[in-house]
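>
Residue numbers (UniProt numbering): 1 to 459.
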């Protein structure tokens with residue numbers, strides 16, 4: 001029977017088939033292909049054909065279609081193309097296909113053979129058919145688990161990546177590419193990745209990675225850095241990585257990536273607000289101390305001290321309420337003036353609409369509100385508002401870069417005399433706006449008191 005299965009003169013095939021069967025390598029076979037490729041037949045099939053394929057070796061020898069026909073229809077075109085290519089160059093033939101056994105069970109097979117040309121132009125293929133079903137199922141399970149892991153990771157907004165430091169091969173998930181502003185089909189290499197890290201952060205990132213890489217046991221590392229996308233957009237990135245080592249050193253680096261731009265910007269805003277609150281608290285205490293000190297200096301009675309102090313603190317509170325309502329944004333000067341002067345009757349004031357174009361920050365607003373309140377108080381006591389028909393005008397003026405002026409002019413009041421004594425409002429403005437360069441210039445004009453206030457504005 002052995003001679004019957006070996007018609008091509010290769011007397012060692014039975015021994016090879018027995019060895020392949022004994023070692024569990026698969027089914028050994030030999031195929032003879034006619035010179036015109038029109039026909040082919042098995043010239044040798046090892047005895048384990050029945051165990052592997054559910055048909056006897058004799059059946060395969062009698063009709064190659066008994067074995068070829070087990071290849072699933074959807075696999076046959078690829079199988080034929082691979083076979084034709086191997087025949088063209090007398091090269092190695094290897095393909096993985098699914099085959100349906102007579103029992104109906106579908107199994108994965110690897111079919112590999114080497115061809116040799118005979119003198120008559122025919123081709124002989126010596127090969128092995130190996131069952132790889134378990135290996136394929138394991139690979140599919142691993143791939144499914146990897147896919148599930150990637151879905152779970154990306155559903156949490158994370159990108160997944162891995163890098164082989166020995167081959168320098170870098171693999172990114174689609175989500176990871178999106179985080180860096182890359183399209184899914186964009187190529188990625190370690191050099192492309194490093195080029196996207198902000199230059200000011202690159203050295204720190206490399207140093208952190210190397211400190212873990214150089215440990216014999218590897219380990220985990222965490223990076224936070226800025227990444228610059230191809231379109232120039234700047235994003236904050238958090239990376240958690242793990243260096244996996246073997247006897248030769250780092251073998252694989254894997255990790256996840258998260259876009260933390262929103263969180264980082266929120267932290268910056270929080271720090272800015274905390275700094276602003278601390279600054280305002282400090283300025284507020286300084287202003288309150290100035291109010292108390294100046295009020296006590298000029299008060300003649302305890303009751304008078306209380307009345308003036310409460311009025312001034314109320315003016316300060318009104319300005320702070322306006323600043324707080326603005327949420328840290330600049331305050332319109334017309335709103336500030338209306339709030340500060342409302343207790344004195346806005347009908348007595350001619351406020352030019354143009355001052356609405358001027359905007360000031362919180363610390364400047366507090367000083368201006370107190371100054372306007374104090375000058376209005378003095379106008380009630382000694383100036384234009386101490387007489388019926390007296391009026392006060394407010395109009396904007398020009399100043400240096402980043403500065404603006406506000407002119408206060410009283411009319412219809414008693415004649416005022418010049419004095420060298422600096423008033424409360426002037427001292428307060430200097431204290432509140434010393435760092436901003438604010439100042440007050442009192443003008444004792446024949447027809448009434450005037451003042452020019454200069455302060456920093458926000459455009």
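Backbone N, C-alpha and C define an ideal beta-carbon position, used for all residues, glycine too.
Below 8 Å, how does it come out for the stretch 97-107 and the stretch 53-72: are there three or more Cβ pairs, yes or no?
Taking 8 Å as the limit for Cβ pairs, the verdict is that the stretch 53-72 does touch the stretch 97-107.
> Based on DSSP bridge pairs, tell me the residues matched to residue 439.
Looking at the DSSP assignment, residue 439 forms a beta bridge with 454.
> In whole angstroms, give me the CA-to-CA distance for residue 456 and residue 394.
If I take the Cα positions, the gap works out to 17 Å.
> By a C-beta neighbour count over all protein chains shown, 10 Å radius and 16 as the cutoff for buried, is residue 60 buried or exposed?
By the neighbour-count rule (16 or more Cβ atoms within 10 Å), residue 60 is buried.
> Would you call the stretch 125-135 and the stretch 218-225 touching, i.e. three or more CB-CB distances under 8 Å?
Output reads no: the stretch 218-225 does not touch the stretch 125-135.
> Buried or exposed for residue 11, please, with buried defined as at least 16 other CB atoms from any protein chain shown within 10 angstroms of its CB.
Its pLDDT being 43, under 50, residue 11 is placed unreliably by the model, and the measurement read from it follows with that caveat. Exposed, because fewer than 16 other Cβ atoms sit within 10 Å of the Cβ of residue 11.
> Between which two residues does the alpha helix (DSSP H) carrying residue 209 extend?
Here the alpha helix (DSSP H) through residue 209 covers 199-213.
> Leaving out five residues on either side along the sequence, give the residues of the same chain with a beta carbon under 8 Å from the beta carbon of residue 217.
Contacts found: 245.
> Using beta-carbon positions only, say whether residue 78 and residue 106 come within less than 9 Å of one another.
Against a cut-off of 9 Å, the Cβ pair of residue 106 and residue 78 comes out as no contact.
> Closer than 6 Å by C-beta to residue 453: which residues in its own chain qualify, once you throw out the five before and the five after it? Chain order, please.
Excluding sequence neighbours, residue 453 sits near 406 and 440.
> Go ahead and pull the three-state DSSP assignment for residue 299.
In this structure, residue 299 counts as coil in the three-state DSSP scheme.
> Counting Cβ pairs closer than 8 Å, one from the stretch 75-94 and one from the stretch 108-119, do we hit at least three?
Touching, yes, given that three or more Cβ pairs across the two stretches are closer than 8 Å.
> Between the alpha carbons of residue 443 and residue 371, how many angstroms are there, rounded?
Each residue's Cα considered, the two are about 15 Å apart.
> Sort 351, 255 and 182 by Cα distance to residue 230 and report the nearest one.
Out of 351, 255 and 182, 182 has the C-alpha closest to the C-alpha of residue 230.
> Once DSSP output is grouped into helix, strand and coil, what is the label at residue 128?
Three-state result, residue 128: strand.
> Of all the options 368, 381, 69 and 389, which has the alpha carbon lying nearest to the alpha carbon of residue 350?
Among 368, 381, 69 and 389, the Cα nearest to that of residue 350 is on 389.
> Please identify the residue among 214, 238 and 49 whose C-alpha is closest to the C-alpha of residue 251.
Considering only alpha carbons, the answer is 214.
> Determine the direct distance from the alpha carbon of residue 170 to that of residue 331, and round the result to whole angstroms.
Looking at the two C-alpha atoms, the distance is approximately 52 Å.
> Determine the direct distance from the alpha carbon of residue 124 to that of residue 212, and round the result to whole angstroms.
Cα to Cα, the separation comes out at about 56 Å.
> For my contact list, residue 373 and residue 340 are in at a C-beta cut-off of 8 Å; report their separation, rounded to the angstrom.
With a Cβ gap of about 5 Å, residue 373 and residue 340 count as contacting.
> Does the distance from the C-beta atom of residue 168 to that of residue 189 stay below 9 Å?
Yes, these two residues count as a Cβ contact at 9 Å.
> How should residue 247 be labelled, buried or exposed, when 16 other C-beta atoms within 10 angstroms of its C-beta is the threshold for buried?
That one is exposed.
> Our contact map puts residue 256 next to residue 160 with C-beta atoms below 8 Å; I'd like the distance itself, whole angstroms only.
At roughly 6 Å, the Cβ-Cβ gap stays under 8 Å, so residue 256 and residue 160 are in contact.
> Between which residues of its own chain and residue 420 is the CB-CB distance below 6 Å, once the five residues before and five after are set aside?
Below a pLDDT of 50, predicted positions are generally treated as unreliable, and residue 420, at 42, falls in that range; the measurement from the model is reported next regardless. The answer is none, since no qualifying residue turns up.
> With the cut-off set at 9 Å, would you say residue 411 and residue 391 are in Cβ contact?
Cβ distance < 9 Å, so residue 411 and residue 391 count as in contact.
> When DSSP builds the beta bridges, which residues end up paired with residue 71?
In the DSSP output, where bridge partners are listed per residue, residue 71 has 99.
> Could you check how far apart the C-beta atoms of residue 336 and residue 369 are, in whole angstroms? I think they sit under 8 Å.
That pair is a contact at about 6 Å.
> Does the beta carbon of residue 381 fall short of 8 Å from some heavy atom of the ligand NAD?
As for the ligand NAD, it is missing from this structure, which has no ligand bound.
> What are the boundary residues of the beta strand (DSSP E) that residue 219 is part of?
Residues 219-228.
> Out of 357, 32 and 240, point me to the one whose CA is closest to residue 63's CA.
Out of 357, 32 and 240, 32 has the C-alpha closest to the C-alpha of residue 63.
> If I measure Cβ to Cβ from residue 193 and keep anything under 7 Å in the same chain, skipping five residues before and after, which residues do I get?
Excluding positions up to five away in sequence, the list reads 170.
> Let's see if you can read the secondary structure: which residues bound the beta strand (DSSP E) around residue 114?
106-117 is the span of the beta strand (DSSP E), which, as asked, contains residue 114.
> Round the Cβ separation of residue 198 and residue 227 to the nearest angstrom and send it over; I've been treating them as touching at under 8 Å.
About 7 Å; that satisfies the 8 Å criterion.
> For my contact list, residue 275 and residue 364 are in at a C-beta cut-off of 8 Å; report their separation, rounded to the angstrom.
About 17 Å separates the two Cβ atoms, so there is no contact after all.
> In this structure, does DSSP put residue 353 in helix, strand or coil?
Helix, per DSSP.
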